[in-house]
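Here is the structure we will look at, set down as structure tokens.
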Amino acid sequence: MARKKEEVNPYSSINVDDAYYKTLLIKKYENRKKWAKVDNSIIKAIIPGTISKIFINVGDEVKAGQKLLILEAMKMYNQILSPADGKISAIHVSEGNRVTKDQVLLEIDCAENVIDDN
Amino acid sequence: MSLKQKSLDLKKRMREALEGGGSQAIEKQKSGGKLIARERILALLDPKTFHEFDLFVEHAAKDFDMDKKYLPGDGVITGTGTIYGYPVCIFAQDFTVAGGSLGYMHAKKITKIMDHAMKMNVPLIGINDSGGARIQEGVNSLAGYGEIFYRNTQASGVIPQISVILGPCAGGAVYSPALTDFVFVVDKISKMFITGPEVIKTVLGEEISMEELGGAKVHAEITGNAHFYAESEQECFEQIKKLVSYIPWNNTRKAVTFIKKEPNSKQYNIEKIFPSNPKEPYDVCDLIRSVSDDSDFLEVQELWARNIVIGFGRIKGDTVGFIANQPLYLAGVLDVDSSDKAARFIRFCDAFNIPLVTMVDLPGYLPGIDQEHAGVIRHGAKVLYAYSEATVPKITVITRKAYGGGYIAMCSRHLKADFVFAWPTAEIAVMGPEGAANIIFRKEIMEAEDPEKMRQQKIKEYKDKFANPFVAAAYGYIDAVIEPKETREFLIHSLEISQGKNEKSPYKKHGIPPF
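Chains A and B are the protein sequences, given in the same order. Here our numbering is used: position 113 in the first sequence is 1237, and no number is missing along the way. Here our numbering is used: position 288 in the second sequence is 294, and no number is missing along the way.
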């Protein structure tokens, strides 16, 4: 058992009720997803697929719930709807393009970008 | 035919059936570092105790030319035997026969041995190594799974059920292990998932290997589906044997009493292990070993939700279930996973007449958006439910911090603990001194010339007054303040006193725990 002692201090700390406790962290805690507010201004591909139809142009005013484009994937036509009222500020794909998951498809200028608690 | 000829015929038939999937399939299985099904059973059971059932069962499939195929034992071996003399019923899927696929008669063999286990009131051990449903048998193979799940559920809390994953176990098949009490996995051999890497790739475009998706490590560390993780099949069998020695045969019995052995007090000296500063970490397993017989402790779900420790030990020869916050990891907080882990273990112990020993040292619940959104309310409630519902003897030792909701949840007097002891280092309070001072003396701190100095002073005042076991002791919420080195003696005494405990819950069909 001639294991070398680790030289780096493995301990970290976590805060509960304004007090810091010296402790080790666990993988799942370290890898947890940081929360991000819902961003309505960027429309991303929900799954990989093909853009089969685009209904809007740059500069168009759109309403929440309006059809923006059709993303074909797994032999299904997925309607991508506008999450908010706004104006199309950019379109990054054209009909027939293959897209990967989370690829940015288009951007919207929208007033109520984020839902505020207050 | 004479008797001799009949026996020769029997031997010939047995030889054929015992060949399993043939030498080629057996070689392939072995090249993967795996034993074949019958070897596994023999490795696990006491020598010469395995008595096989249904060796001559044949499959009943007619379509797709299946009627022309002979599948020895229909891909599963079932029977009875003993482990350290304890009776068990066992089945092992044989991957060398049609990939261990589950067809109608294969499932019938399994459900038959399950029914037998229930009738005989003995533990059931299932060794899973199967490619899944036998597609050629269509809906009959689905029926088979359903019949198994139903029996798993009926047997839950009546006989201990152990699942051993020694190969693939995918799709619907995973739900039988998931319904059982303990799941054993082996590195590089066990694979469990609902949808495999292929489907995930086509649907989501995400590439992941089987090992990364549902390998043994994943289930032992991340999902919590597995309770015991081993590096080899042999190690896995040793773990199963050890577990079996700790648990009773069924819910009407107590676990077998062993000869009492003193803990190794030199290696596990409480006064040396234990830092009195509530913010310093230590390994609570050492604390458990300082009070358990022979310093022996069989930890369950060792790698998952490490901020709480659960497992079996013995005190004066009798099995107890330990539940302890682990200050070494995440300061021992309760969170989604640790609540889940503790609650299920408490319910197992309660169902099988195993007294609970709870060691408390936690600052509270883990703060975080991820925790709230993952449902820490719902999961945390499981701990309260499980402790409140449990009628086995419940003994609680508060060693250091017992703040707020964490204090209540960890088998407090209010959830009807039978004995609550506190060490002089215990701090039983509505919250930690820092947090409490910041709220109670907010105004004084804000208005002070030197707010930080005032804050520190108020923290100290609060600490002196409330960060101790005596406030709770004054209300009778704890029964005694004891020296750490007296703990084992108090545990032994409490267990002796509670031998005749016979608490009844109000009549109900069943409760509705926050699953």
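Think of the CB as a built atom: it goes at the ideal place given N, C-alpha and C, for glycine as much as any other residue.
{"Check": "is_contact[Ile1167 of chain A, chain B] using C-beta, thresh 8 Å", "Outcome": "no"}
{"Check": "For Phe188 of chain B, the residue or residues it bridges with in DSSP", "Outcome": "B:Ile168"}
{"Check": "Contact list for the region 1136 to 1151 of chain A against chain B, Cβ threshold 9 Å", "Outcome": "Ser1137, Ile1138, Asn1139, Val1140, Asp1141, Asp1142, Ala1143, Tyr1144, Tyr1145, Lys1146, Thr1147, Leu1148, Leu1149, Ile1150 and Lys1151"}
{"Check": "Short CB-CB distance (under 8 Å) between Val339 of chain B and chain A", "Outcome": "yes"}
{"Check": "As assigned by DSSP and simplified to three states, the class of Cys1234 of chain A", "Outcome": "coil"}
{"Check": "Test: Arg312 of chain B CB closer than 8 Å to a CB of chain A", "Outcome": "yes"}
{"Check": "Between the CA atoms of Gly137 of chain B and Gly202 of chain B - distance to the nearest angstrom", "Outcome": "12 Å"}
{"Check": "Closer than 8 Å to chain A by CB, Glu217 of chain B", "Outcome": "no"}
{"Check": "Coarse secondary structure for Gln505 of chain B, derived from DSSP in three states", "Outcome": "helix"}
{"Check": "Chain A residues whose Cβ lies nearer than 7 Å to that of Ile228 of chain B", "Outcome": "Lys1152"}
{"Check": "Under 7 Å by beta carbon: chain A residues contacting Tyr335 of chain B", "Outcome": "Thr1147, Leu1148 and Ile1150"}
{"Check": "For Ser1206 of chain A, three-class secondary structure by DSSP", "Outcome": "coil"}
{"Check": "Collapsed DSSP secondary structure at Asp1241 of chain A in the structure displayed", "Outcome": "In this prediction, Asp1241 of chain A scores a pLDDT of 46, lower than 50, which makes its location untrustworthy; no coordinate-derived value is stated."}
{"Check": "CB contact check: Pro1260 of chain A to chain B, cutoff 8 Å", "Outcome": "Given a span of 1125 to 1242 for chain A in the structure shown, any question on residue 1260 of chain A remains unanswerable."}
{"Check": "Partners in chain A for Asn444 of chain B, counting only beta-carbon separations shorter than 9 Å", "Outcome": "Asp1141 and Asp1142"}
{"Check": "Member of B:Ile465, B:Pro430, B:Thr431 and B:Gly438 whose CA lies at the smallest distance from the CA of Phe447 of chain B", "Outcome": "B:Ile465"}
{"Check": "CB contact below 8 Å: Leu210 of chain B versus chain D", "Outcome": "Included in the structure are the protein chains A and B, with no chain D among them."}
{"Check": "Euclidean distance between Cα positions of Gly338 of chain B and Phe70 of chain B", "Outcome": "57 Å"}
{"Check": "Cutoff 8 Å: Gly438 of chain B Cβ touching any chain A Cβ", "Outcome": "yes"}
{"Check": "8 Å Cβ cutoff met for Tyr235 of chain B and Val306 of chain B", "Outcome": "no"}
{"Check": "Whole beta strand (DSSP E) elements within the region 260 to 310 of chain B, 3-residue minimum", "Outcome": "304 to 306"}
{"Check": "Top-ranked residue by Cα proximity to Tyr151 of chain B, from B:Ala480, B:Arg350 and B:Lys115", "Outcome": "B:Lys115"}
{"Check": "Given Asp1141 of chain A as reference, the closest of B:Ser394, B:Val94, B:Gly441 and B:Gly220 once Cα atoms are compared", "Outcome": "B:Gly441"}
{"Check": "Straight-line Cα distance separating Asp193 of chain B from Phe62 of chain B", "Outcome": "33 Å"}
{"Check": "CA-to-CA distance, Gly81 of chain B to Gly105 of chain B, given in whole angstroms", "Outcome": "8 Å"}
{"Check": "Boundaries of the beta strand (DSSP E) in which Ser37 of chain B is found, first to last residue", "Outcome": "Ser37 of chain B -> not in any beta strand (DSSP E); alpha helix (DSSP H) instead, spanning Gly28 to Ser37."}
{"Check": "Per-residue contacts from Lys1157 of chain A into chain B (C-beta, under 9 Å)", "Outcome": "Asp376"}
{"Check": "Leu1205 of chain A versus Cys175 of chain B - alpha carbon distance", "Outcome": "39 Å"}
{"Check": "Pick from B:Lys407, B:Leu390 and B:Ala454 that is closest to Ala1143 of chain A, judged by C-alpha positions", "Outcome": "B:Lys407"}
{"Check": "Buried versus exposed, by CB contacts within 10 Å (16 or more), Tyr1145 of chain A", "Outcome": "buried"}
{"Check": "Under 8 Å by beta carbon: chain B residues contacting Ile1171 of chain A", "Outcome": "Val209, Leu210 and Gly211"}
{"Check": "Neighbour list for Thr1174 of chain A in chain B, Cβ cutoff strictly below 7 Å", "Outcome": "The premise fails here: Thr1174 of chain A is roughly 12 Å from chain B at the closest Cβ pair, so nothing lies under 7 Å."}
{"Check": "Beta-carbon spacing of Ile401 of chain B, Ser301 of chain B below 8 Å", "Outcome": "no"}
{"Check": "Minimum Cβ-Cβ distance from Lys285 of chain B to chain A less than 8 Å", "Outcome": "yes"}
{"Check": "Buried versus exposed call for Gly26 of chain B [16 or more other C-beta atoms within 10 Å across all chains shown]", "Outcome": "buried"}
{"Check": "Pairwise C-alpha distance: Tyr371 of chain B and Glu458 of chain B", "Outcome": "26 Å"}
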